[in-house]
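Asker:
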Amino acid sequence: MDCPRCAVEMVQLEGEGSVMSRCPECAGVWLDIAEVNRLLLRHNMPGLESLGGYPNVDESVGQCPECQVDLVAVEGGERRSMRYDTCEVCGGIFLETETESEDVKEAIKSIIDFYRRFHHAKGAAKGA
Ligand SMILES: [Zn+2]
Ligand SMILES: [Zn+2]
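Those letters in the sequence shown? Residues 23 to 150, per the numbering used here, in order.
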């Protein structure tokens, strides 16, 4: 499966009860929405649906590597400076991580950090 951003073959990471794909080029990870929710709950965070965020359909962010439909950007965090991409068909999620490591634990930590910041910006938490 190729990275929706770089069209580079992603590497599968597995462990800690999770499976995800990571792009060696941009360090982006691709995982299922159910997987994201499981990780969030395990770290005492609300599910993705409750984290807020603003879909931006004008932003072109590439195609789902599985469904070949356009991904939708969801913006959030401080002044909407953060973004993850989602596929409305299969529920796949793509987000950039900040870890150089191919260790699944580091990837998970990075994902949780991302959603913590995404969530904590003013207003974003209160739904809408
Ligand atoms: Zn990439
Ligand atoms: Zn899809």
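Even glycine gets a Cβ: it sits at the ideal position worked out from N, Cα and C.
Keep in mind it's a predicted model, so treat the numbers as computed, not measured.
1) Can you name the start and end residues of the alpha helix (DSSP H) that S132 belongs to?
2) Does ligand 2 have even one heavy atom less than 8 Å from the beta-carbon of C25?
3) Do G75 and V58 have their C-beta atoms closer together than 9 Å?
4) Give every residue whose Cβ lies closer than 5 Å to any heavy atom of ligand 2, listed in chain order.
5) Is the segment 83 to 90 in contact with the segment 107 to 123, if contact means three or more CB pairs nearer than 8 Å?
6) Could you pull out every residue in the same chain whose Cβ sits closer than 8 Å to the Cβ of L61, ignoring the five residues on either side in sequence?
7) Only counting the same chain, and skipping five residues up and downstream in sequence, which positions put a Cβ closer than 8 Å to that of A56?
8) Quick one: grab the DSSP three-state call for N78.
9) Using CA atoms only, rank isn't needed, just tell me which of C45, D24, F116 is closest to D125.
Answerer: Looking at the atomic coordinates:
1) 126 to 142
2) No.
3) no
4) C86, E88, C89, C109, V111, C112, G114
5) Contact between the segment 83 to 90 and the segment 107 to 123 is present, because at least three Cβ pairs lie under 8 Å.
6) Cβ neighbours of L61 beyond the five flanking positions: S40, I130, I133, I134.
7) G113
8) strand
9) Looking at the Cα atoms, C45 is the closest of the given residues.
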